[in-house]
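Residue numbers (the numbering used here): -5 to 151.
Here it is, written out as structure tokens:
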């Protein structure tokens, strides 16, 4: 049975009022590929718009909090924590992003984590587009989730 449709076949928000509130956590990832020059500017903090990763971190946190405003069927939830991490990989000229979101509630935080990772990646693009137009964003994925009736999920790489 499709849970996002009512008896008339129209979209609806799923009712989670019968679910138990549990600790839920989701971790999502994204990767931003840049060229060597851009990577060096980010790493050294020399980008003209400012500290790229600091701005992307704040943008990711803000995005997690605004997810139900962007994704129509997402429930507004009380997020208890958001953390955005970055790993600079000089060999690949890549920035690997992880977004971790937690809550205690009736529904999960997968969409909040994926939105946070995506917006952090888009912010890196925005901060760097003046020096490089062919930046690539890829690998937006759910890495793991826990809590709720469906239990734990860990992505197999």
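The C-beta atom is built at its ideal place from N, Cα and C for all residues, glycine as well. Source: prediction; values computed, not measured.
Within 9 Å, strictly: CB atoms of residue i and residue j
i: residue 32; j: residue 129; result: yes
i: residue 96; j: residue 76; result: yes
Minimum C-alpha distance to residue i - residue among the options
i: residue 74; options: 44, 80, 88 and 94; result: 94
i: residue 49; options: 134, 114 and 82; result: 114
i: residue 56; options: 140, 138 and 117; result: 117
Reduced DSSP category for residue i - H, G, I as helix; E, B as strand; rest coil
i: residue 140; result: strand
i: residue 79; result: strand
i: residue -3; result: coil
6 Å CB neighbourhood of residue i in its chain, flanking five on each side removed
i: residue 54; result: 78, 93, 110, 113 and 114
i: residue 25; result: 88, 90, 132 and 133
Cut-off 8 Å between Cβ atoms - residues of its own chain near residue i, not counting five sequence neighbours on either side
i: residue 15; result: 98, 99 and 100
Chain-order list of residues whose beta-carbon lies under 7 Å from that of residue i (same chain, five-residue window excluded)
i: residue -2; result: 5, 6, 8 and 67
Any C-beta of chain D under 9 Å from that of residue i
i: residue 48; result: You won't find chain D in this structure, because it holds only one protein chain.
Sequence ranges, alpha helix (DSSP H) only - wholly within the stretch -1 to 70, length at least 4: 30 to 38 and 46 to 64
Residue ranges of each beta strand (DSSP E) within the stretch 93 to 138, 3 or longer: none
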